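For reference, the structure discussed in these notes is given below.
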Amino acid sequence: MTLTEALTALDGKAVLDAEDALALRKILYGQGQPVTREEGDALFQLNADAGSLSPEWRALFIEAMTDYIVRQEDPVGYVGEAQTAWLIEAVSRRRRVREDEVEMLIHVVEAADQVPAVLSDFVLGLMRALVLGTIQHRRALSAADVARLR
């Protein structure tokens, strides 16, 4: 099964579970094929459309998107302007950014040797909004919130 076929088979699932993550992981990392822009879009959309994500799925999403953005194009480790524009657009499509998308963005910035300033600024802006929203809603920050800020 190809990555495109696997993503199509998962399309529309309300819950992406550990079994889905394992099956997709085998395809992503077992075949050694680069992820295309269309497949990256499909993975991002699949993740965004799901109502519930298992911890295994979240980990796969973060890892796969980081590999696609940071490690797939030359020079490896450097996020280019085109990848940055695509990533910001993908995250900004909906009115609400998901927590796993924020974690993925942080992981991309941490894993890369260099990212454009516009991506760093975008991630910092999201973090600021997340922290302010959390403080307004809960009146306190959790340990996970503090860890993200570091």
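First residue of the sequence shown? That's 987 in this note's numbering, and the numbers climb one at a time after it. Glycine included, each C-beta is placed from N, C-alpha and C at the ideal position. Here the structure is a predicted model, which is why all the values come from computation and not from measurement.
Under 8 Å between C-beta atoms of residue i and residue j
i	j	result
Leu-1073	Ile-1055	yes
Leu-1009	Ala-992	Checking the sequence shown, residue 1009 turns out to be Ala, not Leu. Contact flag set, yes.
Glu-1075	Ile-1048	no
Thr-1052	Ala-1097	yes
Arg-1081	Leu-1046	no
Val-1077	Glu-1087	yes
Val-1094	Ser-1106	no
Candidates the options: closest to residue i by CA position
i	options	result
Tyr-1015	Met-987, Leu-1032, Met-1113	Met-987
Glu-1042	Phe-1108, Glu-1087, Asp-1006, Gln-1031	Asp-1006
Ala-1071	Asp-997, Ile-1013, Val-1109	Val-1109
Ala-1028	Arg-1081, Ala-1050, Arg-1057	Ala-1050
Leu-1116	Ala-1103, Ile-1092, Val-1101	Ile-1092
Thr-994	Pro-1102, Val-1095, Leu-1032	Leu-1032
Gly-998	Glu-1085, Ala-1034, Arg-1023	Ala-1034
Phe-1030	Val-1083, Arg-1114, Asp-1099, Ala-1103	Val-1083
Arg-1044	Val-1001, Glu-1025, Asp-1060, Pro-1061	Val-1001
Glu-1085	Val-1104, Pro-1061, Leu-1112, Glu-1024	Leu-1112
For residue i: DSSP bridge partner residues
i	result
Leu-1039	Leu-1002
Tyr-1064	Gln-1100
Whole-number beta carbon distance between residue j and residue i, since they are thought to touch under 8 Å
i	j	result
Ile-1013	Leu-996	No, Ile-1013 and Leu-996 are not in contact; Cβ-Cβ is about 11 Å, not under 8 Å.
Gln-1058	Val-1021	6 Å
Gly-1063	Asp-1099	4 Å
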